[in-house]
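In case it helps, the working numbering puts the sequence shown at residues 16 to 376.
By construction, the Cβ of each residue, glycine as well, lies at the ideal position given by its N, Cα and C atoms.
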Amino acid sequence: MFGITVFGQIAIVVGSLFLGLHYVLIECTDPFSGDVLIGTLGSMTVVGYALIKAPRNFLTRFLVRTAFVWSGLAFLAGFAFVGQFLLSQAGFLIGDGAIWLSAGLLGVVGFLRAKHPRARYRRVEGAYNTSLRFLQLTDLHIGDIWSKRDLARIVRTTSHYRPDCVVITGDLLDGMEPVDPELVAPLEEYDVPVYFVSGNHDSYTEREALLEALRDVGVTPLEGALEEKEWMSVLGIGYQTSNEESEALVQSLRGRQRPRIVLKHKPERLDTLLEADPDAVFCGHVHGGQVWPLGYLASIEFPQIDGTCWYGDTMVHVSQGSATWGPPFRLGTRSEFTIVDFVPEGSDAPLWRDREPEKRR
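Written as structure tokens, this is what we have:
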């Protein structure tokens, strides 16, 4: 796919549209009917997904975005069609126009739930020397749908909560095109340590270029590495870190300064991570299913797809993600960033949800 020329891409587009719409265009008496529009968008969706790993230019980016948006709307329309069928069984007749209007409204709501992440709060008590505030971002997928501007907005929003440390647990970029260092430039605005572990999307193309771009803006990649400071220890298990390396790294966390934090993209092999008695494990990847009911499918592979579970004294938090991949919609889930307070045992420090974030200036 990476070797397709612009003319080759045009040939694919024109050929697919011609073959996919030939019957509709010939048989339809009204060339501007809804059938033709839906057929055209459907064909463009197929082409867009076929070009998902092609080099980006105006044409390929337009087609990929169209594919993401249209496939998401079509999925949401499926719920409306189910509603139409159920109402028809009760004697109520609903036109197709109302169906697509309903899908559009669901799309608007779903887009807003995807674009504007909420704050999620957690509190962990332990044998710590001082109180610390951690901020987790994950699955931002900067690229075709979400842009540098979206990342800058999230950085501004989360900075008002005054974290002591920021952790990014993978899929920072979409990974479908060469790395542009400018995409990660907003992360330089954080004035606290920022740690990163890679996800699957970060490994699709130029992983090393991404890691170098992150170092240039002050972010510390922890691809199978341990960072220990006087006030914490952070272990990062990158997407390409082998199981054998992971086991050795986890053992190296024993006896380190608390709180002991483990960063990992996929919420898998949790039993191995728990062997070193960490205080918290941060994961992402699953998006909470992103659009209901896909979470039920994700739960077949992953024992924990969203939220917080406690294993003894260890908190394992799987974030729903700070943005989305593919269709820019959420249904039954919400984009989020997570604020975790590590406080000494017996501390009367309030939960951060009980305290106002720093006001915008």
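TODO: Please confirm if the region 267 to 276 is in contact with the region 304 to 319, defined as three or more CB-CB distances below 8 angstroms between the two stretches.
DONE: No, because fewer than three Cβ pairs between the region 267 to 276 and the region 304 to 319 fall closer than 8 angstroms, the two stretches do not touch.
- [ ] With DSSP collapsed to three states, give me the class of G119.
- [x] helix
TODO: With a 10 Å radius around its C-beta and 16 neighbouring C-beta atoms as the bar for buried, classify H131 as buried or exposed.
DONE: With fewer than 16 neighbouring CB atoms inside 10 Å of its own CB, H131 falls in the exposed class.
Open item on the list: Just to confirm the assignment, what range does the beta strand (DSSP E) spanning L152 have?
Closed with: L147 to L152
- [ ] Out of D206, S174 and S213, state which residue places its alpha-carbon closest to the alpha-carbon of K281.
- [x] Closest by alpha carbon: S213.
- [ ] Specify the secondary structure class of R275 as computed by DSSP and reduced to three states.
- [x] strand
Task: DSSP bridge partner residues for I183 (one or two, in chain order) - done: L152 and F211
- [ ] Indicate the three-state DSSP secondary structure (helix, strand or coil) for T81 in the structure shown.
- [x] Of the three classes helix, strand and coil, the one that applies to T81 here is helix, per DSSP.
Task: Among R349, A105 and L166, the one whose alpha carbon lies nearest that of S334 - done: R349
- [ ] Can you have a look at P178 and say buried or exposed, based on whether 16 or more other CB atoms are within 10 angstroms of its CB?
- [x] buried
Task: Of the listed residues L229, V277 and F317, nearest to M330 (C-alpha basis) - done: V277
Open item on the list: Please identify the residue among M247, D189, L226 and V232 whose C-alpha is closest to the C-alpha of Y219.
Closed with: For the residues M247, D189, L226 and V232, the minimum Cα distance to Y219 belongs to D189.
Open item on the list: Which residue wins for smallest C-alpha separation from K286, given the options Q319, G304 and Y254?
Closed with: Looking at the sequence shown, residue 286 is not Lys but Asp. The candidate whose alpha carbon is nearest that of D286 is Q319.
TODO: Quick one: give me the first and last residue of the beta strand (DSSP E) that K281 is part of.
DONE: It is not in any beta strand (DSSP E) - K281 carries neither H nor E in the DSSP assignment.
Task: Neighbourhood of P343 by C-beta, 6 angstroms cutoff - its chain only, sequence neighbours within 5 removed - done: Excluding positions up to five away in sequence, the list reads F126, A129 and I160.
- [ ] Rounded to whole angstroms, what's the CA-CA distance from S146 to P70? Just pull it up for me.
- [x] 46 angstroms
- [ ] Give me the Cα-Cα distance between G163 and A200, rounded to the nearest whole angstrom.
- [x] In the sequence as displayed, the identity of residue 163 is Lys instead of Gly. Using only the alpha carbons, I get a separation of about 8 angstroms.
Task: Collapsed DSSP secondary structure at V265 in the structure displayed - done: helix
Open item on the list: Since E204 and S174 should fall inside the 8 angstroms C-beta cutoff, what is the C-beta to C-beta distance between them, to a whole number of angstroms?
Closed with: 7 angstroms
Task: Contact under 8 angstroms by Cβ, D165 with H300 - done: No, these two residues do not count as a Cβ contact at 8 angstroms.
- [ ] Rank A338, T353 and G304 by C-alpha distance to the C-alpha of G347 and give the top, closest one.
- [x] G304
- [ ] Answer with buried or exposed for S248, where buried requires no fewer than 16 other C-beta atoms within 10 angstroms of its C-beta.
- [x] buried
Task: Whole-angstrom distance between G112 and F47, CA atom to CA atom - done: With a pLDDT of 46 at F47, under the threshold of 50, the modelled position of that residue is not reliable, and no figure is offered here.
Task: Euclidean distance between Cα positions of T172 and L88 - done: The straight-line gap from Cα to Cα measures roughly 28 angstroms.
TODO: To the nearest angstrom, report how far apart W85 and P193 are at their CA atoms.
DONE: As the crow flies, the alpha-carbon of W85 is around 25 angstroms from that of P193.
Task: Pairwise C-alpha distance: A142 and G361 - done: In a straight line, the C-alpha of G361 is about 10 angstroms away from that of A142.
TODO: Please check the pair V232 and L202, which I expect to be a contact at CB under 8 angstroms, by giving their CB distance rounded to whole angstroms.
DONE: 5 angstroms
TODO: On the DSSP bridge assignment, give the partners of L346 in chain order.
DONE: V306
Task: Candidates E243, N215, W325 and S257: closest to W340 by CA position - done: N215
TODO: Alpha carbon to alpha carbon, how far is V207 from F94? Give it in angstroms, no decimals.
DONE: 44 angstroms
Task: Burial state of D294, where buried means 16 or more other Cβ atoms lie within 10 Å - done: Classification for D294: buried.
Task: Helix, strand or coil at E140 [DSSP, three-state] - done: strand
- [ ] Give the DSSP-derived three-state secondary structure of L108 in the structure shown.
- [x] coil
Open item on the list: Can you tell me where the beta strand (DSSP E) holding I252 begins and where it ends?
Closed with: Residues M247 to I252.
Task: Distance, A263 Cα to G239 Cα - done: If you take the alpha carbons of G239 and A263, they lie about 10 angstroms apart.
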